[in-house]
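A short worksheet on the structure shown next.
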Amino acid sequence: MQRRTILTGTALGVAAMAIPRAAEAQRRAVLAIRNVTVIDARGGARRGHTVLIRGDRILDVAPAERVPVPTGATVVDGRGKFLIPGLADMHTHATGIDDTDPELYVVNGVTTTRQMSGGEQARVWRQQIADGERRGPRWVIGSRIVDGSPSLWDGLDPDGGVHLAVAGPEQARAAVRQEHAAGAAFIKTYSRLSRESFLAVADECRTLGLPFLGHVPDVVSLSEASDRGLRTVEHLFTVFYDTSSDEERLRRAVAAVPIGPGDYNGWFNRMHPLEYAAARSYDRRKAGRVFHGLAANGTFVTPTLVLHETNDMPEAIDRHDPRFRYVSADMVGYWDWSLEGLYLPGRTPQRVAESKDLFRRRLRLTADMAAAGVPLMAGTDLGTTYLMPGFSLHDELELLVRAGLKPIQALAAATLNPARYLGRRDLGVIAAGAVADLVLLGADPLHDIRNTTRIDSVVVRGELLDPSRRRQMLAAVETEVSRPRPAAAAAYRACPC
Numbered sequence: 001m002q003r004r005t006i007l008t009g010t011a012l013g014v015a016a017m018a019i020p021r022a023a024e025a026q027r028r029a030v031l032a033i034r035n036v037t038v039i040d041a042r043g044g045a046r047r048g049h050t051v052l053i054r055g056d057r058i059l060d061v062a063p064a065e066r067v068p069v070p071t072g073a074t075v076v077d078g079r080g081k082f083l084i085p086g087l088a089d090m091h092t093h094a095t096g097i098d099d100t101d102p103e104l105y106v107v108n109g110v111t112t113t114r115q116m117s118g119g120e121q122a123r124v125w126r127q128q129i130a131d132g133e134r135r136g137p138r139w140v141i142g143s144r145i146v147d148g149s150p151s152l153w154d155g156l157d158p159d160g161g162v163h164l165a166v167a168g169p170e171q172a173r174a175a176v177r178q179e180h181a182a183g184a185a186f187i188k189t190y191s192r193l194s195r196e197s198f199l200a201v202a203d204e205c206r207t208l209g210l211p212f213l214g215h216v217p218d219v220v221s222l223s224e225a226s227d228r229g230l231r232t233v234e235h236l237f238t239v240f241y242d243t244s245s246d247e248e249r250l251r252r253a254v255a256a257v258p259i260g261p262g263d264y265n266g267w268f269n270r271m272h273p274l275e276y277a278a279a280r281s282y283d284r285r286k287a288g289r290v291f292h293g294l295a296a297n298g299t300f301v302t303p304t305l306v307l308h309e310t311n312d313m314p315e316a317i318d319r320h321d322p323r324f325r326y327v328s329a330d331m332v333g334y335w336d337w338s339l340e341g342l343y344l345p346g347r348t349p350q351r352v353a354e355s356k357d358l359f360r361r362r363l364r365l366t367a368d369m370a371a372a373g374v375p376l377m378a379g380t381d382l383g384t385t386y387l388m389p390g391f392s393l394h395d396e397l398e399l400l401v402r403a404g405l406k407p408i409q410a411l412a413a414a415t416l417n418p419a420r421y422l423g424r425r426d427l428g429v430i431a432a433g434a435v436a437d438l439v440l441l442g443a444d445p446l447h448d449i450r451n452t453t454r455i456d457s458v459v460v461r462g463e464l465l466d467p468s469r470r471r472q473m474l475a476a477v478e479t480e481v482s483r484p485r486p487a488a489a490a491a492y493r494a495c496p497c
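This is the structure in structure tokens:
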């Protein structure tokens, strides 16, 4: 997988995208959504309800006949519509290629994001949103990636803005302290950490009371990582080893894979046949024990199925997706170059067939984890080729249902479970006192999860983005990304991150 980060970019036009002063007045007034079907993963579907909002909080949620609407309130007719909590994308990367990501998130109903590799761009956006200069989601920003030495990122991140390579436990502890002092909300672990360094990260984070999460290192088992306190497992690459009947032999082979500095593609290609062998030797009884342990430890898993679909089946990518009009020509051009130069070469008919089979097995794996009670979270790995802010989160929900989850479980992965992971009782639900992050849909997502794309309006921190305002925002994004751009320096980075 390849990622490009533009080192210089364009600023979003303030006149087109800044929050109008009227939005502040709207937040002080009462907003009433009447006679709507309220859906969340905690209370299920509740028909004929009225939701009252003032400021950035929900005042009341109850059957319409029991909720008087205050005089002067802004009233939205919810008849025939469905109200869900704002969605969360729990695996994103702010690349800086386009400066329109915040707006694309919220017009798509994504009101919370988790940034997985530190980065100044996400901090800039978070401050602009806090200052009222633009609309966007709340941002939870983690550390730079903590990888082993040599790192898969060496040479691919020359300014050190994305990763830290640690050569042993003491350097690992120092990296944790450094990122904690810089304000990271969590520590992100990576694939080439040694076991000793990983355990040092776990110990230092426990001392500081700081969550750590990310990739399970190649030489650490999933079960041990969970037992040591890994908060969330990102992607499905390592899960098959713990659930394989041939685990011991495969782990020896993994440990013997030689990797040089920055050799991300080499690592990925060498790991593929081993992962596929692990997937083919999947032991459901053994997997049940592993998943029971994850659930008991409260370890969340972010499958990022949309990433795996792109990676496993690049031949199936729609290169003419109409949603690409909200992405710059620079971005699309890089995606096309990446597909032709990095994804497709060398893919024999056998490799194509194996990759399709591997993706089918990933879907079944996801369903098995859900059935075992492992808490899943929706995430996209935004920044990866052909993935788009906001839009791809809906693709992820569709894949979760395709894997075998019920629509309400998929919604939980993008609402209630992220809120629980964040320790926020006021997110991911529609209840009095909760944050007023909401999505009003024109069709029932419990009937068809694809109806999460049937967005009528979005409420973000109490501000109503009605159909007209959403259209204006999308038009402004389309205009911004179509403008001629100055030549930009680019760094090509290999990932999934």
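Residue numbers (full-length UniProt numbering): 1 to 497.
C-beta: ideal position from N, C-alpha, C; glycine also.
Assign residue i to one of three DSSP states: helix, strand, or coil.
i	result
Ala488	Residue placement at Ala488 is poorly supported in this model, since its pLDDT is 48, which falls under 50; the coordinates are not used for a value here.
Glu133	coil
Leu12	Only weak support is given to the placement of Leu12: the predicted model assigns it a pLDDT of 41, under 50, and the question is left unresolved by the model.
Arg284	helix
Ile449	helix
Asp101	helix
Trp139	strand
Arg123	helix
Ser223	helix
Ala476	helix
Leu230	coil
Ile6	With a pLDDT of 29 at Ile6, under the threshold of 50, the predicted position of this residue should be treated as unreliable, and no value is reported.
Asp444	coil
Val107	helix
Val166	strand
Asp147	strand
Out of the options, state which residue places its alpha-carbon closest to the alpha-carbon of residue i.
i	options	result
Leu416	Gly43, His320, Gly136	Gly43
Ala403	Ile187, Ala443, Glu309, Tyr334	Glu309
Phe82	Val477, Ile430, Cys497, Ser468	Ile430
Val76	Asn35, Pro63, Gly266	Asn35
Phe198	Gly160, Leu230, Arg126	Leu230
Val460	Glu478, Ala443, Gly428, Arg454	Gly428
Thr385	Asp60, Ala436, Val306, Glu248	Val306
Ala295	Gly78, Ala370, Ser392, Ala29	Ala370
Asp89	Ala200, Asn265, Pro303, Asp227	Pro303
Arg123	Gly346, Gly183, Glu396	Gly183
Thr453	Val110, Asn269, Ala287	Val110
Ala255	Ile455, Gly209, Phe291, Leu193	Leu193
Pro137	Leu152, Arg114, Pro158, Val146	Arg114
Arg280	Pro314, Phe240, Asp263, Gly260	Phe240
Leu342	Gln350, Leu274, Tyr264	Tyr264
Pro169	Cys205, Arg135, Arg134	Cys205
Ile408	Arg425, Pro349, Ile39, Ser355	Ile39
Arg323	Ser392, Ala410, Asp466	Ser392
Arg57	Ala434, Glu247, His292, His163	Ala434
Leu422	Ala29, Leu210, Ser117, Asp131	Leu210
Arg289	Ser244, Met271, Tyr276	Ser244
Ala372	Gly262, Asp321, Asn297, Ser482	Asn297
First and last residue of the alpha helix (DSSP H) that includes residue i?
i	result
Ala403	391 to 403
Met271	264 to 280
Ala175	169 to 181
Ser457	Segment 455 to 460 is the beta strand (DSSP E) holding Ser457; no alpha helix (DSSP H) there.
Ala255	247 to 255
Asp203	195 to 208
How would you write the range of the beta strand (DSSP E) that residue i sits in, first residue to last?
i	result
Lys188	187 to 189
Phe237	It is not in any beta strand (DSSP E) - Phe237 carries neither H nor E in the DSSP assignment.
Arg114	110 to 115
Asp89	87 to 92
Val216	Per DSSP, Val216 belongs to no beta strand (DSSP E) and is neither H nor E.
Leu464	463 to 465
If contacts are defined as beta-carbon pairs under 8 Å, then residue i and residue j qualify, I think. What distance do you get, rounded to the angstrom?
i	j	result
Phe212	Thr189	6 Å
Thr380	Thr92	7 Å
Val477	Tyr334	Not quite, the Cβ-Cβ distance comes to about 18 Å (not below 8 Å), so this is no contact.
Leu441	Ile84	7 Å
Asp312	Phe359	4 Å
Ala185	Ile141	6 Å
Ala45	Leu405	Contact flag wrong, Cβ pair sits at about 17 Å.
Leu397	Ala378	6 Å
So with Cβ pairs under 8 Å, would you call residue i a contact of chain B?
i	result
Arg57	Judged by its chain identifiers, the structure shown contains no chain B, having just a single protein chain.
Exercise. Along the chain, which unbroken stretches of the alpha helix (DSSP H) at least 4 residues long are found entirely within the stretch 344 to 395?
Worked result: 349 to 371
At what residue ranges does the stretch 281 to 347 contain a whole run of the beta strand (DSSP E), taking only runs of 3 or more? 300 to 302
Length at least 4, wholly inside the stretch 22 to 82: the alpha helix (DSSP H) runs in chain order
22 to 28
Please specify which runs of the alpha helix (DSSP H), each continuous and at least 4 residues long, are wholly inside the stretch 406 to 436, giving them in chain order.
-> 407 to 414, 416 to 422
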